[in-house]
Structures are given as structure tokens and as C-alpha cells.
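Chemist:
Residue numbers (my numbering): 10 to 333.
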């Protein structure tokens, strides 16, 4: 454990209010939703749906991060003082960053898959197979693990004396050390800016192809446009504020240490990604909403004999709407 004695500038009242409130909402919604989508994705993979492999990985990353949120709630409730083991701090920080950047990567994979399916439906069929999707998913997991493994190697707990009180910080250290600032800038470029550029390129091409396709009905065109807009807004809302503030922190610290409050607020917002990822693809289409409602009716108002059938019905429906 490292020691650091410095003047306190953190607003612990903000953390104590904001993070428990936001993270509790995410936990309550994310765990059942992502567990459901893991099951749905497994069934879809068996039906030779390559996109379900990306969705499975996306839900898995969200679920793993969500399971660490109770630890972060305890951490912020006790004035940013880590009360668990140093190893648990490392694992929690590792899964947090894994979620940020695997989510961005798999959203990019989904965007590319939709681009190939709608813009080049025949030319790149060999890139839209289960085997290729599995290879890409494994590559993403290995790549992100290697890029974030430094968190598991270094001691990420720091002792800070604040107003005569000794606090144990987990991962976030103020001000940033030079190596942390350099790593953050690399993450911003590789884990945020590149995926965003690829997504915008794919969506622009998809939008143009759909708009000029006379065979596509106006109703379907509106659905596709709605889907593209929803994914873009979700990505911007969950990741752009955080990475913008992180970039300012990485450039300005240690000369300016007054970015704590906006940094923490935007960090809390990123957790909504765990809710937005599965819900976005399910409820963006009318058929998805209808199938979910029918499933709930069968499960909660039917007898026990049709509980299994309600699950089967959902698998057979278009749960992912236009995404699949």
C-alpha cells in the first residue's frame, strides 16, 4: 500500500450521495436484464446468429462490472475509503475499465456487422459467421485484458491523510501520476476516439444505403434510422463526458486539481452503459417490445406449465429487433 499525504480537495458529500443513488439503480436493473440477455444470446448463437456472440460478450462485460458496484457503493459511502483487500480493489478497478473499453469495442463490432449486412450483404458474408465473430470476440477480450493488466500488477490502494483522518483510496489518485496520465491519453485515443470514428462511419454509410434503397419500406427506414440514432446517443451520453473530463485531467494535472467533481459525476454516468446496452437493442423496435410484453404476460399470468414455453416463445421472437 502506497502512502500519500496531501491537502484534501475532494467533495466527499458528492460521492456519498451520487454514487450510491446511481449505482443502486444500475444494480437493480442491470443484473436481471443482462442475465436474461446472456440466456437469450446463448440460444441465438445455437441458431447460427453471429451477432449474438457480440451481444453475449457485451452483456457479460456489463454484468461483471455491475457485480462490483456494491463495493464501490461502500467505498463512496465511507468518504472514498476502501475497506476491503488490495486485491479486491485491483479486481474492481480492472473490471471497471474492462467494461468501459470492451463495451466500446463490441458496440463497434456490432456497428461493423450491421454495416456489412446492409451495405455489402453479399460481398463480405465470410466475415459474418459465428466462427469469425467468436475469433473477434476472443481477440477483443485478450487485447483489453493485456491493455488493462497493469491494474492487476500494481498496488492500487493509497493511504491519504485528509483533515487528520487516514483514508485508503482505491485506484483514483489525486493528482494523477505521469504514467497514469499517459495511459489515460492512450485509452482515450484507442478505446474511445477510434471506436467512435468507426461507428460514425458505419452509420453514415448505412443511413445512405437505406435512404437510397427503393425496396425498403418507409416504416423500416424509420426504424433503422431510430436504431442508429439511439446507439449514437447512448455512446455519446455514457462515454463522451467521462473521456472529455479525463482528457482535461490527464493534461492539466498536477497543476490543476479542481476536476474532481466533474470527473466523479461523469464516472458515475458511465455505469448507465450497463443498462443502456441490453435495453437499447431490445426496445428500439416494436417487435422487440411486443415480444417482451408477451413473455411477461405468459410468465406472470400463465400457469406453471407454460413458464418454459414463455421462454421458448421469446427465443423464437425477434428480441433484438433490427439489430439481428
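For each residue, glycine too, the CB sits at the ideal point set by N, CA and C.
Would you report the Cα separation of residue 257 and residue 190, rounded to the nearest angstrom?
Modeler: If you take the alpha carbons of residue 257 and residue 190, they lie about 10 angstroms apart.
Chemist: Tell me the DSSP secondary structure of residue 175 in three-state form.
Modeler: Three-state DSSP puts residue 175 in a strand.
Chemist: Leaving out five residues on either side along the sequence, give the residues of the same chain with a beta carbon under 7 angstroms from the beta carbon of residue 38.
Modeler: Closer than 7 angstroms at the Cβ level, and outside the excluded window around residue 38, lie 284.
Chemist: Looking at C-beta atoms only, is the number of pairs between the segment 40 to 52 and the segment 80 to 93 that lie closer than 8 angstroms three or more?
Modeler: Output reads no: the segment 80 to 93 does not touch the segment 40 to 52.
Chemist: Would residue 115 and residue 151 qualify as a contact pair, given that the criterion is a beta-carbon distance under 8 angstroms?
Modeler: No.
Chemist: Write down every uninterrupted run of the alpha helix (DSSP H) in the segment 67 to 105 whose length is 4 residues or greater and which is fully enclosed by it, in chain order.
Modeler: 78 to 86, all fully within the segment 67 to 105.
Chemist: Which same chain residues, not among the five before or five after residue 109, have their C-beta less than 6 angstroms away from its C-beta?
Modeler: None.
Chemist: Using 8 angstroms as the Cβ pair cut-off and three pairs as the minimum, do the segment 26 to 38 and the segment 69 to 83 touch?
Modeler: Verdict: yes, contact present.
Chemist: Identify whether residue 138 lies in helix, strand or coil by the three-state DSSP scheme.
Modeler: Here residue 138 sits in coil by DSSP.
Chemist: Mind checking residue 147: buried by the 16 CB within 10 Å criterion, or exposed?
Modeler: Residue 147 comes out exposed.
Chemist: Take the Cβ of residue 135 as the centre, count every other Cβ of all protein chains shown within 10 Å, and call the residue buried at 16 or more, exposed below.
Modeler: Its Cβ having fewer than 16 others within 10 Å, residue 135 is exposed.
Chemist: Count the other C-beta atoms from every protein chain shown that fall within 10 angstroms of the C-beta of residue 28, then say buried if there are 16 or more, exposed otherwise.
Modeler: It is buried - the Cβ of residue 28 has at least 16 other Cβ atoms within 10 Å.
Chemist: DSSP on residue 133, reduced to helix/strand/coil?
Modeler: Residue 133: coil per DSSP, three-state reduction.
Chemist: For residue 41, does the count of other Cβ atoms within 10 angstroms reach 16, so buried, or fall short, so exposed?
Modeler: Residue 41 is exposed by the Cβ-count criterion.
Chemist: From 275, 145, 84, pick the residue whose C-alpha is nearest to that of residue 67; which is it?
Modeler: It is 145 whose Cα lies nearest to the Cα of residue 67.
Chemist: Taking the alpha-carbon of residue 158 as reference, which of 142, 106, 187 has the nearest alpha-carbon?
Modeler: It is 106 whose Cα lies nearest to the Cα of residue 158.
Chemist: My output table needs one value for residue 167: the three-state DSSP class, helix, strand or coil.
Modeler: In this structure, residue 167 counts as strand in the three-state DSSP scheme.
Chemist: Helix, strand or coil: which one does DSSP assign to residue 184?
Modeler: Correct three-state label for residue 184: coil.
Chemist: Leaving out the 5 sequence neighbours to the left and right, which residues in its chain are closer than 6 angstroms to residue 212 when beta-carbon positions are compared?
Modeler: If we look at residue 212 and ignore the five residues flanking it on each side, its Cβ neighbours are 237.
Chemist: Just the Cα atoms here: how many angstroms apart are residue 163 and residue 99?
Modeler: Each residue's alpha carbon lies about 8 angstroms from the other.
Chemist: At what residues does the alpha helix (DSSP H) containing residue 214 begin and finish?
Modeler: Run containing residue 214: 203 to 220, per the alpha helix (DSSP H) assignment.
Chemist: Counting Cβ pairs closer than 8 angstroms, one from the segment 227 to 237 and one from the segment 191 to 203, do we hit at least three?
Modeler: No: fewer than three Cβ pairs fall under 8 angstroms.
Chemist: Determine the burial state of residue 26: buried for a count of at least 16 other Cβ atoms within 10 Å of its Cβ, exposed for fewer.
Modeler: That one is exposed.
Chemist: By the three-class DSSP mapping on this structure, what secondary structure does residue 58 have?
Modeler: Three-state result, residue 58: coil.
Chemist: Are residue 240 and residue 124 closer than 8 angstroms when you measure CB to CB?
Modeler: Contact flag unset, no.
Chemist: I'd like to check one pair, residue 119 with residue 60: are the Cβ atoms closer than 8 angstroms?
Modeler: For residue 60 and residue 119, yes; Cβs fall inside 8 angstroms.
Chemist: For residue 31 and residue 161, what's the separation of their Cα atoms in angstroms?
Modeler: Near 26 angstroms, if we compare the C-alpha coordinates of residue 161 and residue 31.
Chemist: Have a look at 113, 74, 84, 139 and flag the residue whose alpha-carbon is nearest the alpha-carbon of residue 208.
Modeler: Residue 113 is the option with its Cα nearest to residue 208.
Chemist: Does DSSP classify residue 151 as helix, strand or coil?
Modeler: It is helical.
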